[in-house]
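Peer 1: Quick one: this structure, given as structure tokens, is what I'll be asking you about.
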Ligand SMILES: Cc1cc2nc3c(=O)[nH]c(=O)nc-3n(C[C@H](O)[C@H](O)[C@H](O)COP(=O)(O)OP(=O)(O)OC[C@H]3O[C@@H](n4cnc5c(N)ncnc54)[C@H](O)[C@@H]3O)c2cc1C
């Protein structure tokens, strides 16, 4: 709740009359999320089997389809192609990843990658007044909007506004949620009320791309210059794909940590 400066009596009256007017509870709070996550939807075996397909495709270029193609031969072949920069061959592939509890800012950055395909949570069609489980019933007096907070900030710290009031980040988002609720109660549709939602609002997204495009996304979004959220989320994805597909993604390595202790990466030349 936003605290008025030096006006406790007025605050008390506001709260008292708020309930007298039968308005929704004041203390319903939005939820701050600090730990987004991901799930690779493409099965592990399917990811690995694609290595063999890529070797078969690549060997067509050189007419060198001799012996049996195995996981081992494919890994060696693909690592060599990547080292040579012959990356069109690794376009014969696909990986789908679902990202959960990310901000709309993150999804906005992801959808700039034009060679990938996307399905993202809609702020038009998702009604935040519905239960999180997607139940049909709409309860305008009781719902919670999720927002993604920076992991390195004090979200409770009061920030002085130019008009003398003080709001913390968390209080500002609480007000945002209240305003969204008020607009809905006033008859606004979700697609109109969404206009007041900030970049921090939580959004899930599914992204499909071939391995070459994933490598490009990692190259662009894991450097120190990239935003902390996309860098953090994709850094965790990189950890996983390096385990499953070292031949494809093994040439990225941690290069350090930013001033907030968040990792950044660089591409290293394979031996
Ligand atoms: C640190 C950072 C800061 C950024 N700041 C801003 C910003 O201030 N404002 C802003 O608008 N964006 C910004 N971006 C986004 C950036 O401009 C790109 O839109 C985004 O990174 C996608 O990159 P891309 O176009 O290379 O990738 P993709 O769309 O994934 O494309 C992959 C590659 O395919 C090729 N390609 C794709 N489409 C075409 C095409 N039509 N013609 C020719 N080749 C094509 C290119 O080689 C491209 O690199 C920023 C990105 C980063 C990483």
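Residue numbers (the numbering used here): 285 to 555.
C-beta: ideal position from N, C-alpha, C; glycine also.
1. Whether or not the region 356 to 373 and the region 464 to 476 are in contact is what I'm after, with contact meaning three or more pairs of Cβ atoms, one per stretch, closer than 8 Å; do they touch?
2. Buried or exposed for residue 518, going by 16 or more other Cβ atoms inside 10 Å?
3. Considering only DSSP beta bridges, list what residue 380 is partnered with.
4. Tell me where the alpha helix (DSSP H) around residue 521 begins and ends.
5. Can you tell me whether residue 412 is buried or exposed, with buried defined as 16 or more other CB within 10 angstroms of its CB?
6. Any heavy atom of ligand 1 closer than 7 Å to the CB of residue 322?
7. Would a C-beta distance cut-off of 8 Å place residue 506 and residue 548 closer than the cut-off?
8. So residue 548 is in the alpha helix (DSSP H); what residue range does that whole segment cover?
9. For the candidate residues 354, 313, 512, 543, whose alpha-carbon lies nearest to that of residue 427?
10. For the structure I just gave you, are there three or more beta carbon pairs, one from the region 487 to 503 and one from the region 386 to 406, closer than 8 Å?
11. Please report how far the alpha carbon of residue 384 lies from the alpha carbon of residue 500, in whole angstroms.
12. Should residue 510 be listed as close to ligand 1, given that the test is whether its C-beta is under 7 Å from any heavy atom?
13. Looking at the secondary structure, which residues open and close the alpha helix (DSSP H) in which residue 342 lies?
14. What does a CB cutoff of less than 6 Å around residue 441 pick up in its chain, not counting 5 residues either side in sequence?
15. Does the region 323 to 338 come close enough to the region 398 to 408 that 3 or more CB-CB pairs lie under 8 Å?
16. Identify every run of the beta strand (DSSP E) within the region 352 to 417, keeping only runs that are complete inside it and at least 3 residues long; order them along the chain.
17. For residue 381 and residue 446, I'd like the C-alpha separation in whole angstroms.
Peer 2: In short:
1. As far as the Cβ criterion goes, the region 464 to 476 does not touch the region 356 to 373, which means the pair count is below three.
2. Here residue 518 is taken as the residue at index 234 of the chain shown, counted from 1. Burial state of residue 518 is buried, judged by a 10 Å Cβ sphere holding 16 or more other Cβ atoms.
3. Here residue 380 is taken as the residue at index 96 of the chain shown, counted from 1. In the DSSP assignment, residue 380 is bridged to 492.
4. The sequence position of residue 521 within the chain shown is 237, counting from 1. Its alpha helix (DSSP H) spans residues 512 to 528.
5. On the chain shown, position 128 is the one that residue 412 refers to. Burial call: buried.
6. Residue numbering aside, residue 322 sits at position 38 when the chain shown is read from its first letter. Here the distance from the Cβ of residue 322 to the nearest heavy atom of ligand 1 is not below 7 Å.
7. Here the question's residue 506 lines up with position 222 in the chain shown. Here the question's residue 548 lines up with position 264 in the chain shown. Cβ distance < 8 Å, so residue 506 and residue 548 count as in contact.
8. Counting from one through the chain shown, the residue named residue 548 turns up at place 264. Not the alpha helix (DSSP H): residue 548 falls in the beta strand (DSSP E), residues 547 to 551.
9. In the chain shown, the residue the question calls residue 427 occupies position 143. Looking at the Cα atoms, 313 is the closest of the given residues.
10. Yes: the two stretches touch, three or more of their Cβ pairs being nearer than 8 Å.
11. Taking the first residue of the chain shown as position 1, residue 384 is located at position 100. Taking the first residue of the chain shown as position 1, residue 500 is located at position 216. Each residue's alpha carbon lies about 21 Å from the other.
12. By 1-based counting over the chain shown, the position of residue 510 is 226. Within the cutoff, so yes.
13. The residue given as residue 342 occupies position 58 in the chain shown. 328 to 346 is the span of the alpha helix (DSSP H), which, as asked, contains residue 342.
14. As a position in the chain shown, residue 441 is number 157, starting the count at 1. Within its own chain, the residues whose Cβ lies closer than 6 Å to the Cβ of residue 441, once the five positions on either side in sequence are excluded, are 452, listed in chain order.
15. Not touching, per the Cβ criterion.
16. Runs of the beta strand (DSSP E) spanning 3 or more residues and lying entirely within the region 352 to 417 occur at 379 to 387, 401 to 404, in chain order.
17. On the chain shown, residue 381 is found 97 positions in, with the first residue counted as 1. On the chain shown, residue 446 is found 162 positions in, with the first residue counted as 1. Cα to Cα, residue 381 sits roughly 43 Å from residue 446.
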